[in-house]
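Numbering (numbering that gives the first Met the number 0), first residue to last: 0 to 357. Cβ atoms here follow ideal geometry from the backbone N, Cα and C, with glycine treated the same way. If you're wondering where the values come from, they're calculated on a predicted model, not measured in any experiment. Okay, structure first, notes after.
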Amino acid sequence: MSEQLSGVVPLNMILYTTLRDIFGSVIVAGQGMNMCGNNLANPLYRNRTQYVVTSWGEYYRVCCPFCKENRHRLWINHLYGQPNLETHYPDSWLAVCYNEECTKSPAVRQQLYHMLFGMQPRSQRRQVMPIGQGEAMDGPLMTAAPPGVIAKLSELPATHPARQYVIGRNFDPDWLSEHFRIGYTLDVTDARYNTMRGRLYIPIFFEGALVGWQGRTLYDPPKGGPPKYYFMAGTPRKRILYNYDVAKKWPFVVVVEGVPSVWRIGGPGVASFGKIVTPMQLSLLISDRRDRAIVLLLDPDARDEMEGILGELRSLHKQNVVPVWLPPKYDPADYTHEAVVNFIRSAASSCGVSLPAW
Ligand SMILES: [Zn+2]
């Protein structure tokens, strides 16, 4: 479920290729997302507004040349180098080093700017770069409809392959049916969703409404076969968190990559649908209860992404964050519930955060 760049054009092609030329390796994060925000009343000056960003959008990650790290921890926004709409000057803080905070120094920021744009022909340097059309991150979320005829897992006969599949992964089909409304797609009513037939149906609710769904094959497909997970087109997965409605009532949340890990964790689990946590997902996590602890539990192959998210949370002044570094090879859903809870509670206590057993 990791983000894939293949075949997708970066929003700011000129900046992306410039970075490729200089740094060689560039990782795209938050791919295809626009920066967006709202004009809000300025708390200090009457009759003035200020632009508050709700989503920073696409970033290009490179290895920071200032602290000489090799984990792509210098994050450069796709609007870096573009004139600010209000001041008409480029915003140099759109590049941030999460390794040693190199970019806190104005001299370093200026050096980076020259490194990037000093190489461009003078004729191009002051030109506004064409920015591609990204995924809209604002506007209301739309209500979705299921893909067709769905049977609850709890209504299927004991020998049904869908029940057998989840039992094989050490889940209780009746519990999944009751708590996550997991079902089985008997038939589709829309030919676009033919691939959903015979898949596990995983509805995605947000603020009480069905906003999308996922389908899971009842087996692990071979390479080149059908996708293991299939999303309803238009599922706003970068703007929401799976199971957020339930998790927000808990005194802490556990952020994982995928839906089965949420099933393993239960109530406090939320899934970001991938190895990155988007700015809108970050704001969901920190907005309503600043005192709530956030546990980060990505799959063990996502260490660098975990570090990036930790850096972002700390830059948002979020202090009680608990990273759980799982041993290699096994994802959270591969363990028993009790084992995952033990991992989480011992990581939390080593951070000075006390969590109840659940
Ligand atoms: Zn650095």
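DSSP state of residue i, grouped into three classes?
i, result
"W400", "Residue 400 is absent from the model: the chain starts at 0 and stops at 357."
"S353", "coil"
"D186", "strand"
"W174", "helix"
"Y15", "helix"
"V253", "strand"
"V165", "helix"
"A150", "strand"
"S5", "Since pLDDT at S5 reaches only 41, below the 50 mark, its modelled position is unreliable, and no value is offered."
"R344", "helix"
"V261", "helix"
"A338", "helix"
"C101", "helix"
"R60", "strand"
"I228", "Here residue 228 is Tyr; the residue named in the question, Ile, does not match the sequence. Note: Y228 maps to strand in three-state DSSP."
"L10", "coil"
"S24", "coil"
"T158", "coil"
"P82", "strand"
"A144", "coil"
Below 7 angstroms CB to CB, which residues in the same chain sit around residue i once its five sequence neighbours on both sides are set aside?
i, result
"R196", "T184, D186, V187"
"R162", "L152, L155, P172"
"F170", "W262"
"S314", "none"
"F179", "W262"
"S271", "L240, V254, E256, Q280"
Once you ignore the five residues that flank residue i on each side, which residues in its own chain have a CB closer than 6 angstroms to its CB?
i, result
"Q213", "I201, Y228, F230"
"L18", "V25, Y59, V61"
"A346", "V321, V323"
"S176", "K151, L152, S153"
Tell me which residue opens and which closes the beta strand (DSSP E) that residue i is part of.
i, result
"L73", "73-76"
"R215", "208-215"
"G268", "268-270"
"P359", "An answer regarding residue 359 cannot be provided, because it is not within the stretch 0 to 357 covered by the chain."
"V320", "320-322"
"F204", "199-205"
Thinking C-alpha only, which one of the options is nearest residue i?
i, options, result
"S260", "P139, D330, P129, L315", "D330"
"E99", "C62, F116, N76", "C62"
"V340", "V252, K328, D303, L284", "V252"
"I13", "E68, I130, F179", "I130"
"K67", "L295, H113, F22, P220", "F22"
"N83", "P64, L111, M34, L73", "M34"
"P160", "Q81, V352, R198, W324", "R198"
"A150", "V165, I181, F342", "I181"
"V323", "T216, F116, F342", "F342"
"R141", "T158, L115, P235", "Checking the sequence shown, residue 141 turns out to be Met, not Arg. The candidate whose alpha carbon is nearest that of M141 is P235."
"L312", "I293, D300, A301", "I293"
"G211", "A338, V352, A232, H113", "A232"
"R168", "D219, E304, Q110", "D219"
"R288", "V165, L354, K247, R215", "K247"
"A338", "S104, I275, I264", "I264"
"H316", "T335, D290, S353, I75", "D290"
Within its chain, find whatever has a CB closer than 8 angstroms to the CB of residue i; leave out the 5 residues flanking it on each side and keep chain order.
i, result
"D244", "F204, F205, E206, G207"
"G147", "T184, L185, D186, V187, T188, D189, Y192, M195, R196"
"P9", "Y15, V27, Q30, E57, Y59, H77, G131"
"E306", "R70, R72, Y97"
"A356", "V340, R344"
"P299", "W324, L325, P326, P327, K328, Y329, D330"
"S5", "Because the pLDDT of S5 is 41, which lies under 50, any placement of that residue in the model is unreliable, and the number read from its coordinates should be weighed accordingly. Taken in chain order, the list of residues that qualify is empty."
Could you pull the start and end residues of the alpha helix (DSSP H) that residue i belongs to?
i, result
"A232", "Segment: none, A232 is in no alpha helix (DSSP H) and carries neither H nor E."
"P105", "105-116"
"Y243", "243-246"
"L312", "302-314"
* Count the C-beta pairs between the stretch 278-285 and the stretch 238-245 that are closer than 8 angstroms, then say yes if the count reaches three, no if not. => yes
* Can you find at least 3 beta carbon pairs, one from the stretch 257-276 and one from the stretch 313-332, that sit closer than 8 angstroms? -> yes
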